[in-house]
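These notes are about the structure you will find just below.
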Amino acid sequence: GENVEQHPSTLSVQEGDSAVIKCTYSDSASNYFPWYKQELGKGPQLIIDIRSNVGEKKDQRIAVTLNKTAKHFSLHITETQPEDSAVYFCAARHNAGGTSYGKLTFGQGTILTVHP
Amino acid sequence: GAVVSQHPSWVICKSGTSVKIECRSLDFQATTMFWYRQFPKQSLMLMATSNEGSKATYEQGVEKDKFLINHASLTLSTLTVTSAHPEDSSFYICSANEQGYEQYFGPGTRLTVT
Chain E
1249 GENVEQHPST
1259 LSVQEGDSAV
1269 IKCTYSDSAS
1279 NYFPWYKQEL
1289 GKGPQLIIDI
1299 RSNVGEKKDQ
1309 RIAVTLNKTA
1319 KHFSLHITET
1329 QPEDSAVYFC
1339 AARHNAGGTS
1349 YGKLTFGQGT
1359 ILTVHP
Chain D
84 GAVVSQHPSW
94 VICKSGTSVK
104 IECRSLDFQA
114 TTMFWYRQFP
124 KQSLMLMATS
134 NEGSKATYEQ
144 GVEKDKFLIN
154 HASLTLSTLT
164 VTSAHPEDSS
174 FYICSANEQG
184 YEQYFGPGTR
194 LTVT
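In structure tokens form, the structure reads like this:
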């Protein structure tokens, strides 16, 4: 089955700096890679995702890059703000097509702390 | 994005009793819903995949007779923890797929068994 490794486990930055979180996956058939932000006591919130047919996707201060050959993908947050502090999870999934979706395999999570 | 709700948001029950948690997709139909369990400072662990109109698919090591899942309609899945024990105390989260790749999560249910 799929295995997703996420690094670092904790990341501390100053407000305004950039933050990068990296994930590697093992199943070359995986073709969908979402990133989730989870605040304390809440469910994960989808913040950005990327499919295997593109190499990069950006949404304001957040971007995700994908290297299919190396089987790794990364989350980039620029101009970090204190409200970006949370736990971030990467995930991978193989979508076989149709209306049936495979299960997500999650990374271990990264605790991001942005200091004002 | 699509909205998934859970009820209750937190529950305390006595050891040996059963607890039901509801998961609803509010503005879309979900043929597939997922149930996760999360311990403090850990990642999400998939418990089972809930399919509307059919039996749930449980992950290895998850007791299907203890964690009963019913996906009675395209907008509702329920998880019943039967004969709960303190070790079942955890954060339970459901998710659902809208039409497309995106999977949306509910706010979670904090279960405490005393």
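As you go down the protein sequences, you meet chains E and D in turn.
Per the numbering used here, the first sequence runs over residues 1249 to 1364.
Per the numbering used here, the second sequence runs over residues 84 to 197.
We put the beta carbon where it would ideally sit given N, CA and C, even for glycine.
Three-state secondary structure (DSSP) of residue i
i	result
P1282/E	strand
D1307/E	strand
E1250/E	coil
E105/D	strand
D1265/E	coil
E171/D	Before going further, note that residue 171/D is Asp rather than Glu in the sequence given. Looking at D171/D - three-state DSSP - the assignment turns out to be helix.
D1332/E	helix
D1275/E	coil
F122/D	coil
S1300/E	coil
Q89/D	strand
T1353/E	strand
A1318/E	coil
A1339/E	strand
K97/D	coil
Interface flag, residue i vs chain E, CB-CB below 7 Å
i	result
F122/D	no
Y249/D	Within the shown structure, residues of chain D are numbered from 84 to 197, placing residue 249/D beyond reach of any answer.
S126/D	yes
G189/D	yes
L157/D	no
L203/D	Nothing can be reported for residue 203/D: it is not among the residues displayed for chain D, which extend from 84 to 197.
I152/D	no
I176/D	yes
Burial state of residue i, where buried means 16 or more other Cβ atoms lie within 10 Å
i	result
V1302/E	exposed
N1315/E	exposed
P91/D	exposed
H154/D	buried
W93/D	exposed
S156/D	exposed
I95/D	exposed
D110/D	exposed
D1297/E	buried
K1285/E	buried
T1353/E	buried
Reference residue i; option with closest CA among the options
i	options	result
A113/D	S166/D, Y184/D, G191/D and Y141/D	Y184/D
V164/D	F122/D, G191/D and F150/D	F150/D
C106/D	T100/D, V86/D and G99/D	V86/D
S1322/E	L1352/E, K1305/E, Q1293/E and P1330/E	K1305/E
P1364/E	A1340/E, T1328/E and H1342/E	T1328/E
Q121/D	Q143/D, S101/D, Y175/D and F188/D	Y175/D
H1230/E	A1311/E, E1253/E and P1256/E	Outside the modelled stretch of chain E, which goes from 1249 to 1364, sits residue 1230/E, for which no answer is possible.
S88/D	I104/D, A167/D and D148/D	I104/D
D171/D	Y141/D, T197/D, T140/D and K124/D	T197/D
T100/D	Y187/D, P123/D, S137/D and S166/D	S166/D
Cutoff 7 Å: residue i Cβ touching any chain D Cβ
i	result
P1292/E	yes
Q1262/E	no
G1357/E	yes
K1351/E	yes
F1354/E	yes
Y1336/E	no
Y1280/E	yes
According to DSSP, residues forming a beta bridge with residue i
i	result
V1312/E	K1305/E and L1323/E
M116/D	S133/D and A179/D
N153/D	T161/D
Y187/D	A179/D
L1360/E	L1259/E and A1334/E
Within chain B, partners of residue i - CB distance below 7 Å
i	result
I104/D	Absent here is chain B; the protein component of the structure consists of chains E and D.
Distance cut-off 6 Å: residue i Cβ against heavy atoms of the ligand SAM
i	result
F117/D	Of the ligands one can find in the structure shown there are none, so the ligand SAM has no counterpart to examine.
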